[in-house]
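Novice: To start, I am sharing the structure in question, which I have written as structure tokens.
2 protein chains.
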Amino acid sequence: MTYAIAEAAHRSGLSIDTLRYYERIELIDPPARDSGGRRAYTDEDLAWLHFLTKLRTTGMPIKLMREYARLRHQGVASVGARKHILVRHREDVLARIEELRSCLQVLNYKIENYERISGSEQDRQEVPA
Amino acid sequence: MTYAIAEAAHRSGLSIDTLRYYERIELIDPPARDSGGRRAYTDEDLAWLHFLTKLRTTGMPIKLMREYARLRHQGVASVGARKHILVRHREDVLARIEELRSCLQVLNYKIENYERISGSEQDRQEVPA
DNA sequence: GCTTGACCTGGAGCGCACTCCAGCTCTTAC
DNA sequence: GTAAGAGCTGGAGTGCGCTCCAGGTCAAGC
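So this is what it looks like as structure tokens:
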């Protein structure tokens, strides 16, 4: 089973242009081509794309994703290096979640404040900032 | 108490250039100037900057921050609109946290997988993608 | 056999959020 | 009074991650 680029785009949630872009910058291997020279993505290609989108979503820079993709070509010899990248990235993601959570508290505080202001009729007594 | 731009940069965690940039794009009001024409930031300015950095950290686009800053000038009349922005943004942040969490599971799965591979001596039997 | 539509390539363009630069002024310390 | 250093302005440049475009090919349906 293979997929034309439009279908691969649909399934991966990326645009057609982005798929070709990812290929150009060597994030993904050039997929097979059909008789007419068109890209034919396999399920394996899609699985890799799916994983890449997870890395992107979590904010991994494309440079590092490329590094990871490069290591992948070296097979089992690079397992340690790849694991290292993912473990470090996991730390980044956890830190990011914590950061968001801490900002959330500020947001909550501000929102509560607005509720107090509009709840009461005391005008013009807004807390600065 | 006022602060020179270098000190304001230090305290806000932004760069001097970014402070001037934020002023240019009307994210912050032009601060007072000292006798020599140099910017003199107040504690209130810093408090606003501090809040802005929270919004930035949580991924609010600068356009929306500008809108928020604009509303702020309208005083109490805009409290509803400002609250609305923050409430919507809070939803975005919560959704983002959930997204990160879900990606974390994929990451964990991959890392465990790598641990199985390098733990056993079975080479070349890597799960695709 | 001709139109239509998906796909192809190489390369240019874009939006965002800064970041840097040249050339100037102003204060402070010697 | 002069040299150093912080700050000033307007404007150009940067890096990232796409996104768009022109001009062409190819296969399928009428």
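Sequence lines, in order, name chains C and Z. Using UniProt numbering, read the first sequence as starting at 1 and increasing by one per residue. Using UniProt numbering, read the second sequence as starting at 1 and increasing by one per residue. For glycine and all other residues, C-beta sits at the position ideal for the given N, C-alpha and C.
Of all the CB atoms in chain Z, is at least one closer than 7 angstroms to the CB of C/Arg124?
Specialist: The pLDDT assigned to C/Arg124 is 44, lower than 50, so where the model puts this residue is not dependable; a value taken from the coordinates is nonetheless given after this. Closer than 7 angstroms: yes.
Novice: In chain Z, what lies closer than 7 angstroms to C/Leu2 by C-beta?
Specialist: Before going on, a small fix: residue 2 of chain C reads as Thr here, not Leu. None at all; the shortest Cβ gap to chain Z is about 16 angstroms.
Novice: Could you tell me if Z/Val93 is buried or exposed, where buried requires 16 or more neighbouring beta carbons within 10 angstroms of its beta carbon?
Specialist: With 16 or more other Cβ atoms within 10 Å, it is buried.
Novice: Count the CB pairs spanning the region 9 to 17 of chain Z and the region 104 to 113 of chain C that are closer than 8 angstroms, and state whether there are at least three.
Specialist: At 8 angstroms Cβ cutoff, the stretches do not touch.
Novice: Under the three-state reduction of DSSP, which class applies to C/Ala32: helix, strand or coil?
Specialist: Strand.
Novice: Determine the DSSP secondary structure at C/Ala4, reduced to helix, strand or coil.
Specialist: C/Ala4 falls in the coil class under three-state DSSP.
Novice: Please decide whether C/Leu14 counts as near chain Z, where near means a Cβ-Cβ distance under 7 angstroms.
Specialist: False, the Cβ-Cβ gap to chain Z never drops below 7 angstroms.
Novice: C/Arg90 touches chain Z at which residues, Cβ-Cβ below 8 angstroms?
Specialist: Within chain Z, the residues near C/Arg90 are Leu104, Leu107, Asn108 and Ile111.
Novice: Taking the straight line between their C-alpha atoms, what separation do you get for C/Arg116 and C/Lys110?
Specialist: One C-alpha to the other measures close to 10 angstroms.
Novice: Check the Cβ of Z/Ser78 against every Cβ in chain C and list those closer than 9 angstroms, keeping chain order.
Specialist: Near Z/Ser78 there are no residues of chain C at all, since even the closest Cβ is about 10 angstroms away, more than 9 angstroms.
Novice: Using C-beta distances below 7 angstroms, list every residue in its chain close to Z/Tyr22, excluding the 5 sequence neighbours before and after it, in chain order.
Specialist: Ile28, listed in sequence order.
Novice: Quick check: what's the CA-CA separation for C/Thr58 versus C/Phe51?
Specialist: If I take the Cα positions, the gap works out to 11 angstroms.
Novice: Determine the closest residue to C/Asp45 out of C/Arg96, C/Glu98, C/Ile97 and C/Met1, with distance taken between C-alpha atoms.
Specialist: Taking only the C-alpha atoms, the option nearest C/Asp45 is C/Met1.
Novice: Which class does C/Arg39 belong to by DSSP, given the choice of helix, strand or coil?
Specialist: Correct three-state label for C/Arg39: strand.
Novice: Check whether chain C comes within 7 angstroms of Z/Lys63, counting only Cβ atoms and requiring the distance to be less than that.
Specialist: It does not; no Cβ of chain C falls within 7 angstroms.
Novice: Rounded to whole angstroms, what's the CA-CA distance from Z/Leu19 to Z/Ala69? Just pull it up for me.
Specialist: Between Z/Leu19 and Z/Ala69, the C-alpha separation is close to 15 angstroms.
Novice: Check whether the Cβ atoms of Z/Pro31 and Z/Tyr41 sit closer than 7 angstroms, and answer yes or no.
Specialist: Contact flag set, yes.
Novice: Under three-state DSSP, which class holds Z/Met65?
Specialist: It is helical.
Novice: Quick check: what's the CA-CA separation for C/Gly37 versus C/His73?
Specialist: In a straight line, the C-alpha of C/Gly37 is about 24 angstroms away from that of C/His73.
Novice: Going by Cα to Cα distance, which pick from C/Leu49, C/Ser35, C/Glu112 and C/Ala81 is closest to Z/Leu86?
Specialist: Of the listed residues, the one whose Cα sits closest to Z/Leu86 is C/Glu112.
Novice: Closest by CA to Z/Arg90, which one among Z/Leu55, Z/Ala6, Z/Ile5 and Z/Arg39?
Specialist: It is Z/Leu55.
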